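Report on the structure given below.
2 protein chains.
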Amino acid sequence: MATALANGGAAATTRVMSVYSELQTSRLNHNLPLPSVLRRPFALLDGPPSSAAGSPAEIANLFPHLFAQPSANLVPAAAATATSPSPTHSLKVGVVLSGGQAPGGHNVISGIFDYLQDKAKGSTVYGFKGGPAGIMKCKYVQLTPDFVYPFRNQGGFDMICSGRDKIETPHQFKEAEDTAVKLDLDGLVVIGGDDSNTNACLLAEYFRSKNMKTRVIGCPKTIDGDLKCKEVPASFGFDTACKIYSEMIGNVMVDARSTGKYYHFVRLMGRAASHITLECALQTHPNIAIIGEEVAAKKQTLKNVTDYITDIICKRAELGYNYGVILIPEGLIDFIPEVQTLIAELNEILAHDVVDEAGVWKQKLQPQCQQLFEFLPQAIQEQLLLERDPHGNVQVAKIETEKMLISMVETELEKRKAEGKYAGHFKGQSHFFGYEGRCGMPTNFDANYCYALGYAAGALLHCGKTGLISSVGNLCAPVEEWTVGGTALTSLMDVERRHGKFKPVIKKAMVELDGAPFKKFASMRDEWAIKNRYISPGPIQFMGPGANDVNHTLLLELGAVQA
Amino acid sequence: MATALANGGAAATTRVMSVYSELQTSRLNHNLPLPSVLRRPFALLDGPPSSAAGSPAEIANLFPHLFAQPSANLVPAAAATATSPSPTHSLKVGVVLSGGQAPGGHNVISGIFDYLQDKAKGSTVYGFKGGPAGIMKCKYVQLTPDFVYPFRNQGGFDMICSGRDKIETPHQFKEAEDTAVKLDLDGLVVIGGDDSNTNACLLAEYFRSKNMKTRVIGCPKTIDGDLKCKEVPASFGFDTACKIYSEMIGNVMVDARSTGKYYHFVRLMGRAASHITLECALQTHPNIAIIGEEVAAKKQTLKNVTDYITDIICKRAELGYNYGVILIPEGLIDFIPEVQTLIAELNEILAHDVVDEAGVWKQKLQPQCQQLFEFLPQAIQEQLLLERDPHGNVQVAKIETEKMLISMVETELEKRKAEGKYAGHFKGQSHFFGYEGRCGMPTNFDANYCYALGYAAGALLHCGKTGLISSVGNLCAPVEEWTVGGTALTSLMDVERRHGKFKPVIKKAMVELDGAPFKKFASMRDEWAIKNRYISPGPIQFMGPGANDVNHTLLLELGAVQA
């Protein structure tokens, strides 16, 4: 952690404006619109008592002080039965970035900072450095207008950097408590994904149980798009990342069509859920997109997936197309049950046995696993056997799924060619679009959304709320019509049993096979497979046509809700 | 070739506007400015007789009809001693795309088409499909306003597709002649790189020698940026490709700074010359950029390059930075003399000997080559031995240079760590940015430049010129001030001796170590190495700040010429 902290400091001081591009500078000075409810005097209106996403009794047990608390909505100040924050009440607030980067994080911080400057004069904001470790070690920087300015509307998390630590042990909670007391914190905003928001809620519960004044508010961050629910229709960063990947995919499509000789296999970030792949498919119309959740629901094998791709390649060859574009979610193999079984068996065998050259060890695999192992390309077999994590486990995350599929499709096509069932020619080209998208300059949507999320988080703290996640809704309407509030984090939770104990979790939002985005994709994919319906979205624009477009997933999901 | 031709047809019919993105549609209707000399009645002013870039006697011998012909400039019609084209003189013109894609190709064709529509009413334009093969096989489509429209300002070459065939043998020249006669061609525009323009000139000479009326004009295309000279200050596509790669590099830089734990090794397209890497370095300020021409000039070894990178990584670790961004040109290893020697020896040995497991075969390598081979990471050794082209030769192009360097740097760092000279931690992350850039939507610069190149090519043909390359200059000024003309292709040529014969070649323009772009880079790189001066250019904009910016290479080169 020490390094990340050191980098945090170093990074912040290296954001010198003399090395900004023209676009960066223009975005720096771009004024962000706010939802109208945030632009005028507002009050907070509590809803009915909340429950939990599942196992309410266990959640009530785990969060005795927070369970059942209402969600809240911001309304114009005149509304009855609402409480307004006092403008003379200044606050001391900490903010922390947790987990992987997502475009817009700096705008959440700017939103919090501006809210407190605008509405609670005399407030202080501390940025904890390097993620939750910064809270525990009390490593922070006090935010000033000059410090915040160079990060407005810019990508990355380098203002205060992030980290993947969790506050878990009693000692760690005590450390967080000490920091909160030392800095006299009225509030803490945790910007993170499902795990980090669960952690935020545990911290809120802990502070409340200790009768501390420190309130905790979460903000929904992840490019993967798997932290969302009715009240929180999107996680920030997803919009920008998908548009960056779609720009690249669109370019590759035009290239494929122009040369007519490559099948591009594009792996896209998104390990747990396939939202990114689905959104990019809706934006670009590839010939094939594999959605992990469907593979899992249909209990497909690797052979099934290979055959599905190969069938389409063969059909296209008959039509004279020996090129195409195929999208694959990073987490694909995690969705295939048989692969999970193989990996479990491999971990077991490799822990105890020697891998002999002759391959006698393979006989320890169950027949089905042995068959699957033999089906894998040699390079993948070697990777599974050789590259192990510090615990000796096979590193699934390191498998280059797109290369594996190219190799398996190639083998299958050769077989069919020998059988006279395929007469085309196949050249696979692999791509991984990942890091390029995590730190892009936020789109207008993400810039606005994040600023509103941060501004709302400030408002919730100012009203004395805790254990809520900042919630901005009606996102397909113009910004002024967006709704603003906070949702009880406990209401998003369920429990999982781990090591014999109940652990609270915010369930990851997976691609719903009966949801509007997947249904739209499913209704069009056969046409995309055979006819070429490629769309090239081009680079993200900040002005002019399309600059304020909302992504398809959000449009379809909100449209379905409103319909 | 058959496939490419088939795709050509299929592709054209699949550009349906209903599947255009909002940005694509808006670009479709974007009106392109023209240099003012092209907007008014103009005349063509011949310059003095030209010579050749080298070996003028041999060039005169190879091009008896064309050698010494003057270059020409477009001037307002009033100027004396100039010839004006007749507006009633309609033409039949063919156009062909040759070689790899570059953003803007469609605009060159649009420019030719519009010129003939505007200034030579009744003209006909044929698009040859699938590159030079389309000329030889007389595969073409007649261009109409409706056919051209969907491709205006769009990326790719899919309007008529491209190909890599050359017109070389007497039979092939005869085929081209037959097509020219059959279609009654007054002119042919060849859009391509150095080889294709050499071929265009040979065709112009051939047609002239046969007393045919068909004239040939070339246009400078290649994202690699290595086809340029005083009269042709840039090849089209370079600007867009570099800006797309720089967007990605900038994003990766922000990511590197935010996480503080990765060294990103980014391989960039550009095999023969390192212009792309140099331009991207000037746009983004990486910690390290390797320029192939410098490596060659200094006769560096792979070990030298590895040590250079490792030294900087060690220095950065002392400052607390365990991250960075390193740019590597695709063609790096072609620039390293010792690698060339090793590959030549390997090809020789592998052609005759068996590679025994014990490694006895290695003793056939010269000591230095043996040492270099042992220095290479195992994966690269295997690749060199196993992956061979149809002629049995080692496939240098397939070597993933960025991964090779990561592995070699890692080994060197471990050595230094053991010696107590390095205490940081290193995680390499590899990227290859290639296909994403070749087919992007052209920047405003490339869109305007290509349109002017095409419009000028039409004007040159209309004035009866042949054997010229369309030349648009003064490119750092507003479009209306751009100069327009044609440069004698023979004046760009030298000869190379191949198989005992003189072959005419347009010399590739390499990165000049005493040129302004490299000198600027060299003056700043030490600072970039240690201090983090990252710039994130962000996505290409078509409106607003920066949308009309010219790339650094062009600015510096033209600035140096004008200074």
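Which chain is which? The protein sequence lines are A and B, in order.
Per full-length UniProt numbering, the very first residue in the first sequence carries number 1; after that it's consecutive.
Per full-length UniProt numbering, the very first residue in the second sequence carries number 1; after that it's consecutive.
Just so you know, even glycine gets a beta-carbon here, dropped at the ideal spot from N, CA and C.
Treat the numbers as computed from the prediction; the structure is a model and nothing was measured.
- Considering only B:A180, B:F238, B:E231, B:D195, the residue with the shortest C-alpha distance to B:N211 is B:A180.
- Among the CB atoms of chain B, none fall inside 7 Å of the CB of A:P41.
- In this structure, A:K427 keeps its C-beta atom at 7 Å or more from the C-beta atom of A:K315.
- At the C-beta level, A:T487 and A:L66 stay beyond 7 Å of one another.
- A:V355 carries a coil assignment under DSSP once its states are collapsed to helix, strand and coil.
- By the C-beta density criterion, A:D224 is buried, having at least 16 other C-beta atoms within 10 angstroms.
- Chain A has no Cβ within less than 7 Å of the Cβ of B:Q383.
- Cβ neighbours of A:D446 within its own chain (closer than 7 Å, five residues either side excluded): P103, G104, F236, G237, D239, T240.
- Listed in chain order, the non-local C-beta contacts of A:R257 below 8 Å within the same chain comprise Y323, N532, Y534, local neighbours out to five positions each way being set aside.
- Per DSSP, B:S98 lies in no alpha helix (DSSP H); the unbroken beta strand (DSSP E) holding it starts and ends at 92–98.
- Distance from the CA of B:P85 to the CA of B:Y149, rounded to the nearest whole angstrom, comes to 26 Å.
- Residues of the segment 218–252 of chain A that bring their beta carbon within less than 8 Å of a beta carbon in chain B comprise I244, E247, M248, G250, N251, V252, in sequence order.
- Of the residues assessed, A:R39 falls on the exposed side of the cut-off, its CB having fewer than 16 other CB atoms within 10 angstroms.
- Against A:E436, the close residues of chain B are M248, N251, V252, in the order they occur along the chain (beta-carbon pairs closer than 7 Å).
- Taking 7 Å as the CB threshold, A:C476 stays off the interface with chain B.
- In this chain, B:Y140 is not harboured by any alpha helix (DSSP H); it is covered by the beta strand (DSSP E) spanning 140–142.
- Under the three-state reduction of DSSP, B:K121 is assigned to coil, being neither helix nor strand.
- Annotated three-state conformation of B:D178 is helix, per DSSP.
- Here B:H106 is buried. Its C-beta has 16 or more other C-beta atoms within 10 Å.
- Residue-level contact by beta carbon holds for A:C439 and chain B, with a gap shorter than 7 Å.
- Using a CB distance below 7 Å, the part of the segment 285–310 of chain A facing chain B consists of H285, ordered along the chain.
- DSSP places A:L460 within a helical segment (H, G or I) once states are collapsed to three.
- Boundaries for B:I326: no alpha helix (DSSP H) harbours it, while the beta strand (DSSP E) harbouring it runs 324–329, taken from the DSSP string.
- At the C-beta level, A:E402 and A:F265 come within 7 Å of one another.
- For A:T411, the enclosing alpha helix (DSSP H) has its first and last residue at 401–418.
- Looking at the DSSP output, A:C219 sits in a beta bridge with A:I191.
- The beta carbon of B:M136 sits closer than 8 Å to the beta carbons of D165, I167, Q172, E175, A176, T179 from its chain, once the five residues preceding and following it are set aside; these are given in chain order.
- Closer than 9 Å at the C-beta level to chain A, one finds these residues of the segment 525–553 of chain B: K531, N532, R533, Y534, I535, S536, P537, G538, P539, I540, Q541, F542, M543, G544, P545, G546, A547, D549.
- For A:F265, the secondary structure class from DSSP, reduced to helix, strand or coil, is strand.
- Rounded to whole angstroms, the gap between the alpha carbons of A:L185 and A:C138 is 12 Å.
- Taking 7 Å as the CB threshold, B:L23 lines the interface with chain A.
- The three-state reading of DSSP puts B:A452 in helix, counting H, G and I together.
- The Cβ atoms of B:S196 and B:S71 do not sit closer than 7 Å to each other.
- In this structure, A:G100 sits away from A:M441, with a CB-CB distance that is not shorter than 7 Å.
- Under the DSSP assignment, B:E496 falls in the beta strand (DSSP E) whose first and last residues are 493–498.
- By the criterion of a C-beta distance shorter than 7 Å, B:I380 is surrounded in its chain by I399, M404, once the five residues flanking it on both sides are discounted.
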